[in-house]
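Numbering (the numbering used here), first residue to last: 87 to 386.
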C-alpha cells in the first residue's frame with residue numbers, strides 16, 4: 087500500500103514536468119484533428135441516422151409523447167446528440183489510450199528511469215512488435231466486454247461500475263506492459279503481474295474513473311453546440327493528461343517493484359551460494375590432527 091501511494095504522488099508531481107507537458111501536445115494535436123475532421127464530415131449524418139432510429143422506436147416515441155405532454159419536448163432534440171456523443175466516446179478513449187501508449191509511455195518511462203532508477207538494468211523483455219500485439223489484443227478484449235455488458239448498463243448501479251472497470255483493466259494491461267517493456271525480462275514481467283495484479287488493476291480502475299470526467303464535457307457540448315469546437319480539444323486534452331498520469335503512475339510503481347524484486351532475487355542467490363560453499367567446505371573438511379594421531383597403531 088505504501089508503494090501504491092508513493093508512486094501516485096510522484097506521478098502527480100511528474101505531470102508538471104516540462105517534458106511531460108511537451109509530450110502531451112502531439113497526441114492532443116492528432117486526436118483533436120481526427121475528432122474535428124470526423125465530426126465535420128460525419129456529424130450531421132450521424133445525427134440523422136440516430137434521429138431516424140429513435141423515431142422508429144416505439145418506446146422512444148412513447149417517451150417523447152410523455153415529455154411533450156409535460157412541456158419538455160426540447161429534451162428530444164438534446165437526446166439525439168447525446169446518443170451520438172456517448173456512442174463515440176469509447177472509441178475516442180481507446181484511440182487516446184493507444185496514442186499515449188505509443189507516443190508518450192516509452193518516453194515517460196524513460197524519464198522516470200532516468201530520474202529515479204538510473205542503475206536499473208534494461209533487459210528489453212518486450213519488443214515494439216510484442217507491445218503492439220499485446221495492446222491491440224487487450225483492446226479487442228475490452229471492446230468485446232464493453233459491447234457484451236451494454237444490456238447490464240440499464241441496471242443503475244452497474245453503469246457506474248462496469249465501464250470504468252473495463253477501461254481500468256485495459257489501462258492496466260497496456261500501461262503496465264509499457265512500463266516494464268524496456269527494463270524487465272519476460273519472466274520478471276510475468277512475476278510482477280502475478281504479485282501485484284490487484285494493485286495494478288486498482289491503479290487502472292482509478293484512472294478509468296478519472297477518464298469518465300471528459301464525458302461531462304461532451305454532454306455540455308451537446309447543450310452548447312456553439313462551443314463544441316472548443317470543448318472537443320479540452321476533452322481530448324483531459325484524456326491525454328489522465329492517461330499520461332496513469333502512465334507515470336504505472337512507471338513509478340512497476341520500476342520500484344522491479345527493483346525490489348531484483349534485490350530479493352539477488353539476496354536469495356547470495357544465500358544459495360553461501361549454502362553451497364558451506365556444504366562444499368563440510369564435504370572437503372580434513373580430520374583434525376588429534377583425530378589422525380589417535381587413529382595410528384600404538385597410539386595411547
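Even for Gly, the Cβ is constructed at its ideal location relative to N, Cα and C.
Residue span of the alpha helix (DSSP H) that contains residue 255, given as start and end:
Run containing residue 255: 248–267, per the alpha helix (DSSP H) assignment.
What does the alpha-carbon distance come out to for the pair residue 255 and residue 288?
In this model, residue 255 and residue 288 are separated by some 9 Å (Cα to Cα).
9 Å Cβ cutoff met for residue 103 and residue 195
Inclusion of residue 103 and residue 195 in the CB contact set at 9 Å is not warranted, their separation being larger than that value.
Within 8 Å: the Cβ of residue 196 and any heavy atom of the ligand ZN?
For the structure depicted, the ligand ZN is absent and the ligand set is empty, with no information on it obtainable.
Closer than 6 Å by C-beta to residue 101: which residues in its own chain qualify, once you throw out the five before and the five after it? Chain order, please.
Result list for residue 101: 331, in chain order.
With 16 other Cβ atoms within 10 Å as the buried cut-off, status of residue 328
Burial call: buried.
Does DSSP put residue 356 in a helix, a strand or coil?
If DSSP states are grouped into helix, strand and coil, residue 356 belongs with the helices.
Please tell me whether residue 333 and residue 264 are closer than 9 Å, where the distance is taken between their beta carbons.
If you check the CB distance, residue 333 and residue 264 come in under 9 Å.
So, with DSSP's three-state summary, where would you put residue 204?
Coil at residue 204, not helix or strand.
Nearest neighbour of residue 119, chosen from 239, 107, 321 [CA to CA]
Closest by alpha carbon: 321.
Cβ pair residue 336, residue 296 closer than 9 Å
No, the Cβ-Cβ distance between residue 336 and residue 296 is not below 9 Å.
Applying the criterion that 16 or more other CB atoms from any shown protein chain within 10 Å of the CB defines a buried residue, is residue 308 buried or exposed?
Confidence is the limiting factor: at residue 308 the pLDDT is only 49, short of 50, which leaves the residue's position unreliable, though a coordinate-based value still follows. The residue is buried, with at least 16 neighbouring Cβ atoms inside 10 Å.
Residue 131, buried or exposed, once every other Cβ within 10 Å from all chains shown has been counted against 16
Exposed, because fewer than 16 other Cβ atoms sit within 10 Å of the Cβ of residue 131.
Output the distance between the C-alpha atoms of residue 224 and residue 259, rounded to the nearest integer angstrom.
Their Cα atoms are separated by approximately 7 Å.
Reduced DSSP secondary structure (H/G/I, E/B, other) of residue 102
Secondary structure at residue 102: coil, using DSSP grouped into helix, strand and coil.
Nearest to residue 279 by alpha carbon, out of 343, 121, 222?
Closest by alpha carbon: 343.
I think residue 166 touches residue 137, with their Cβ atoms under 8 Å apart; what is that distance to the nearest whole Å?
Indeed they touch by this definition, with Cβ atoms about 5 Å apart.
Just how far apart, CA to CA, sit residue 252 and residue 355?
Taking the straight line from one Cα to the other gives about 39 Å.
Segment limits, alpha helix (DSSP H) that includes residue 227:
For residue 227, the enclosing alpha helix (DSSP H) covers residues 214–235.
Using only CA atoms, which one of 294, 217, 290 lies nearest to residue 266?
Selected option, being the one with the closest Cα: 217.
Check each candidate in 189, 200, 208, 248 and name the one with the smallest Cα separation from residue 117.
Per the Cα distances, 189.
Inter-residue CB distance, residue 294 and residue 250 (contact presumed, cutoff 8 Å):
A Cβ-Cβ distance of about 4 Å is found for the pair residue 294 and residue 250, placing them in contact under the 8 Å criterion.
Do residue 341 and residue 198 have their beta-carbon atoms positioned less than 9 Å apart in this structure?
By the CB criterion at 9 Å, residue 198 and residue 341 fall inside the cutoff.
Whether residue 388 touches residue 178 by CB criterion (9 Å):
Because the chain in this structure spans residues 87 to 386, residue 388 falls outside the shown range and cannot be described.
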